[in-house]
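Novice:
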Amino acid sequence: MDIWEKLYLKAREEYHPEDVSPFLYAHHVVCALESENGEIYTGFCMEGCSGVMNLCAERVAALNMYVNSGQTVIKRLRAK
Numbered sequence: 094m095d096i097w098e099k100l101y102l103k104a105r106e107e108y109h110p111e112d113v114s115p116f117l118y119a120h121h122v123v124c125a126l127e128s129e130n131g132e133i134y135t136g137f138c139m140e141g142c143s144g145v146m147n148l149c150a151e152r153v154a155a156l157n158m159y160v161n162s163g164q165t166v167i168k169r170l171r172a173k
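What follows is the structure, encoded as structure tokens:
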């Protein structure tokens, strides 16, 4: 299995669109990224109906990478 397929499968685990509340929708866009040292981190999109509370999947995956490892370099990224 190549790295692109691994990233796809990890991102797919996060894909389950849902209404978190009447005003917040999540998990409809997902992302997996490979850090510089080869670890894989995931993220999912959250959108609020007001347009104020929006987080994209790519940004959440990058934040997960930084918070969990302190790494700051993304080697590759795949979003669905």
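Note that the sequence shown covers residues 94 to 173 in my numbering. Note that the Cβ used here is the ideal one computed from N, Cα and C, for glycine as well.
1. Taking its Cβ as the centre, do 16 or more other Cβ atoms sit within 10 Å of residue 52, making it buried, or is it exposed?
2. Report the residue ranges of all alpha helix (DSSP H) runs contained in full by the segment 99–169; include only those spanning at least 4 residues, in chain order.
3. Exposed or buried, residue 171, counting other C-beta atoms within 10 Å across all chains shown (16 or more means buried)?
4. Please work out which residues of its chain come closer than 7 Å, Cβ to Cβ, to residue 97, disregarding the five sequence neighbours upstream and downstream, and give them in chain order.
5. Note down, in chain order, each residue of its chain lying with its Cβ closer than 6 Å to the Cβ of residue 133, except the 5 sequence neighbours on either side.
6. Could you round the C-beta distance between residue 135 and residue 123 to whole angstroms and report it? I think they count as a contact, below 8 Å.
7. Might you give, ordered along the chain, the residues of its own chain that have their beta carbon closer than 6 Å to the beta carbon of residue 154, omitting 5 neighbours on each side?
Specialist: This is what the structure gives:
1. Any property of residue 52 remains undetermined from this structure, which presents the chain solely from 94 to 173.
2. Along the length of the segment 99–169, whole alpha helix (DSSP H) runs at least 4 residues long occupy 150–162, reported in chain order.
3. Note on residue 171: 16 or more other CB atoms within 10 angstroms of its CB, so buried under the neighbour-count rule.
4. Cβ neighbours of residue 97 within its own chain (closer than 7 Å, five residues either side excluded): 171.
5. Same-chain partners within the cutoff: 103, 125, 127.
6. For a cut-off of 8 Å, the C-beta gap from residue 135 to residue 123 is around 7 Å, short enough to register as a contact.
7. Within the same chain, residue 154 has close Cβ partners 124, 126, 134, 135, 136.
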